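Line by line, the protein sequences are chains A and B.
Here the UniProt record's numbering is used: position 19 in the first sequence is 19, and no number is missing along the way.
Here the UniProt record's numbering is used: position 179 in the second sequence is 179, and no number is missing along the way.
Positions of the beta carbon are idealized from the N, C-alpha and C atoms, including for glycine.
Just so it is clear, the structure is predicted and the values come from calculations on it, not from any experiment.
Encoded as structure tokens, the structure appears first; notes follow it.
Number of protein chains: 2
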Amino acid sequence: MATLAELRVQIDAVDDELVRLFEERVRLGGQVGDYKIQNGMKIFDRQREREKLKDVAEKASTEFNKKGVQELFEQLMAMSRKVQYQKLVEAGALGRLPFIGVKELDTQNARVVFPGTEGAYSQAAMEYYFGEKCNSFYVRTFRDAMESIEEGAADFAVLPIENSTAGAVDEMYDLLVEFENYIVGETIIPITHTLAGLPGTELSDIERVYSKGVALMQASRFLDEHSGWQQISVANTAIAAKKIMEDKDKSQAAVCSANAAKIHGLEVLVDNINDDPNNSTRFIVVTNQKIFHKDAKKISICFEVPHESGSLYHLLSHFIYNDLNMTKIESRPVEGRNWEYRFFVDFEGNLAEPAVKNAIRGLREESRSLRILGNY
Amino acid sequence: MATLAELRVQIDAVDDELVRLFEERVRLGGQVGDYKIQNGMKIFDRQREREKLKDVAEKASTEFNKKGVQELFEQLMAMSRKVQYQKLVEAGALGRLPFIGVKELDTQNARVVFPGTEGAYSQAAMEYYFGEKCNSFYVRTFRDAMESIEEGAADFAVLPIENSTAGAVDEMYDLLVEFENYIVGETIIPITHTLAGLPGTELSDIERVYSKGVALMQASRFLDEHSGWQQISVANTAIAAKKIMEDKDKSQAAVCSANAAKIHGLEVLVDNINDDPNNSTRFIVVTNQKIFHKDAKKISICFEVPHESGSLYHLLSHFIYNDLNMTKIESRPVEGRNWEYRFFVDFEGNLAEPAVKNAIRGLREESRSLRILGNY
């Protein structure tokens, strides 16, 4: 039996040959690209790719190897396509992008909507992104904010999409599919909850605590120490603060930011009550125009996955083979089709890049209802 | 310039060589596997793989090709490892199963816990799975149920994990990680909400509607038609029904099942108010013993993914190469580590199958904190 060192010498020799053939294949793929550009042909040739996969599988000798070479050639063909898209870009023939590139978002004269009321975390995120003096108004719910954007009552909305401890804001994912609004920016702010009540309130006075459900959850360790308190969820943390002031009842308290407490004339009874001291939330900036910042670095898309073994895996291969770094993947049920899912993927890239074009072309071919939610 | 047909002849010749070299590399990888088994060596050799990637990149001539061959070899080495794991299985070197196989779950004499109160959907799921006369009791929350199991106060718990319209029950995923309890069964039941109140209540009497937050969401179209109603979320739909009866206040109503209404002496004011008429929920059966039914067909696992481009994709490749069909993938934030994720995957298989052993072995090697949550 060969030693490990001997086997590795043999493997290294095979690998040298593989590198050489890989380079040769890329070179030939580039020539195919030149030919296609000169003759106005499409880069993606589904039939040719299918035949190639069938052909190489037939040439392999075991079941394992048939699967393996197919996987290998899917990768090689994706790379070939990437070279060809690159050539298209160099020839200035990539064609129009579905989004209009802008140099700057007009954040100075924009009218911005946020959900909740004065003192909401969304307002803090908005002021961080648009500046403290931005022209803004609030509505009650996330859906109301999406409608304000769609109708043009506001130019932008600032909405939470993900919390570092609670995870994805499912409702926002569903609303991004329902409305034809687009993500043009994002910002992360720290979320530090306090327990706030009427000035002079003692903890022993409290019987009911109001807040947004997810905020109650983020402060569950503190609240569990006071198991006699009834927890009541309302639309927003700042709406809870406002209610406490309006009701003027010391048996009630709110979980909200110190800022919301101050704005609504409440006293912070206990500071920093969230379970995780580094609790933070990512907010997205949404508009109704299909635009993207020319220097945008992150793309959000969603698509439905057909009911076939390995479908999701094959779809994800388009990111890998195009060297696009996925930063997030989420799934949500598809309405009206039990136990089918829609996936949301964030990845690094700009719509003007050939690798992105290549990946999106492939994904659209193999998934259902692909949508680009924004580049920001 | 060469024609497309001429270029393709050249590409086909390169491809034939690539298939041949691929097969040679798999064969040599298998021999390395034999050597490693005989010498008790680990399959995954991180240093060797890193050196190989550096080496092939140095041999490639352009930046594009350097990246390309690295991607290619990451895939080739992953396949090589899979061949080697397969050999480990064939050599019987993977050892004892971490779960004890049983022929039957003792559902006849079991004591079963469900969250909520009499009339909860979890109770309906429990009766569907264990029979209507099963020996059971209820606790308030999902966490309470997991604690009852851990302490041995109950043999099994029945808990919701996923709804067809609302999606994953995030809290349950977190609890499955926190507790050392295991999934041994699952069942799906239809969820049909009603609006229930004290007998004789008119819709115009109602001011406040109580239910579990997710149930209010599932009936949001109906409730939105009555925007004057305040929506208050409580721990459970049946707890809401019980509260309405106890408070004896016609300004209050509950969103709950017709059965919960009946049990707590309420009248169904409006039947079938969920947005989706086919609304249904999947419940899991959980126990504190590390057992699995010998004929079990589905496995749930979770693992954390390292912060590297393509990590998730490489992990998923273990399911594909072992021909294991993924039926579900979910992600949740990892506590205390902002913006890192833990993935939950369901796939078809039984822990006694070599393909499953093979996949889990590979996943454990390349992921962080892999846990088998159950085989059922």
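Three or more beta-carbon pairs separated by less than 8 Å link the segment 90-109 of chain B to the segment 288-299 of chain B, which places the two stretches in contact. With respect to the 8 Å criterion, B:Ile273 and B:Leu216 are not classified as neighbours on the basis of their beta carbons. Around the Cβ of A:Asp155, a 10 Å sphere holds 16 or more other Cβ atoms; the residue is buried. Under the criterion of beta carbons closer than 8 Å, A:Lys59 and B:Val19 qualify as touching, at roughly 5 Å.
Taking a C-beta distance under 8 Å as the contact criterion, A:Ser122 and A:Val69 do not qualify as a contact pair. Rounded to the nearest whole angstrom, the CA to CA distance from A:Ile301 to A:Phe343 is 8 Å. Taking 7 Å as the upper bound on Cβ-Cβ separation, chain B lies near residues Asn278 and Ser280 of the segment 277-300 of chain A. Taking 8 Å as the CB threshold, A:Lys242 stays off the interface with chain B.
Rounded to whole angstroms, the Cβ separation of B:Val113 and B:Ser136 is 7 Å, and the two are in contact under 8 Å. By the beta-carbon neighbour count (other beta carbons within 10 angstroms, threshold 16), A:Leu175 is buried. The residue among A:Leu203, A:Ser369 and A:Gly95 with its C-alpha nearest the C-alpha of A:Glu178 is A:Ser369. DSSP places A:Asp323 in the coil class of the three-state scheme, outside both helix and strand. The alpha-carbon of A:Ile149 is positioned some 19 Å away from that of A:Ala124. By the CB criterion at 8 Å, B:Asn358 and B:Asn325 fall outside the cutoff.
The shortest CA-to-CA distance from B:Ser211 to any of B:Glu180, B:Ser220, B:Gly29 and B:Val184 is the one to B:Ser220. Ranking B:Pro190, B:Gly265, B:Lys54 and B:Ala254 by CA distance to the CA of B:Asn278 puts B:Pro190 first. Residue pairing of B:Glu330 in beta bridges, as defined by DSSP: B:Phe344. Boundaries of the beta strand (DSSP E) around B:Glu162: Phe156 to Asn163. Distance from the CA of A:Ala261 to the CA of A:Asn236, rounded to the nearest whole angstrom, comes to 13 Å. With contact defined as three or more Cβ pairs closer than 8 Å, the segment 75-93 of chain A and the segment 43-55 of chain A are in contact.
Interface flag for B:Ile183 against chain A is unset, since no Cβ pair is found closer than 8 Å. With a minimum length of 4 residues, the unbroken runs of alpha helix (DSSP H) contained wholly in the segment 100-162 of chain B fall at 121-130 and 142-151. A contact is defined here as three or more CB-CB pairs under 8 Å, and the segment 243-255 of chain B fails this definition with respect to the segment 106-120 of chain B. Assignment of beta-bridge partners to B:Tyr210 by DSSP yields B:Ile232 and B:Ala254.
Within chain B, the residues whose beta carbon sits less than 8 Å from that of A:Thr165 are Pro333 and Glu335, listed in sequence order. Secondary structure note for B:Ile183: its beta strand (DSSP E) is the uninterrupted segment Tyr182 to Pro190. Counting along the chain, no beta strand (DSSP E) covers B:Val169, and no H or E run does either. By the neighbour-count criterion, in which a residue is buried when 16 or more other Cβ atoms sit within 10 angstroms of its Cβ, A:Glu132 is exposed. Neighbours of B:Ala238 in chain A, taken as residues whose beta carbon is under 9 Å from its own, are absent, since the nearest beta carbon is some 17 Å off. Residue pairing from DSSP places B:Phe292 in a beta bridge opposite B:Gly101. Here A:Val184 is buried, its C-beta having at least 16 other C-beta atoms within 10 Å.
Residue range Ser280 to Thr287 is occupied by the beta strand (DSSP E) that includes B:Ile284. Within the DSSP secondary-structure output, B:Ala196 pairs in a beta bridge with B:Ala254 and B:Val268. Our two residues, B:Glu225 and A:Arg208, have alpha carbons roughly 28 Å apart in a direct line. For B:Gly310, the chain A residues whose C-beta falls within less than 7 Å of its own C-beta are Ile320, listed in chain order.
The C-beta of A:Phe22 comes closer than 8 Å to at least one C-beta of chain B.
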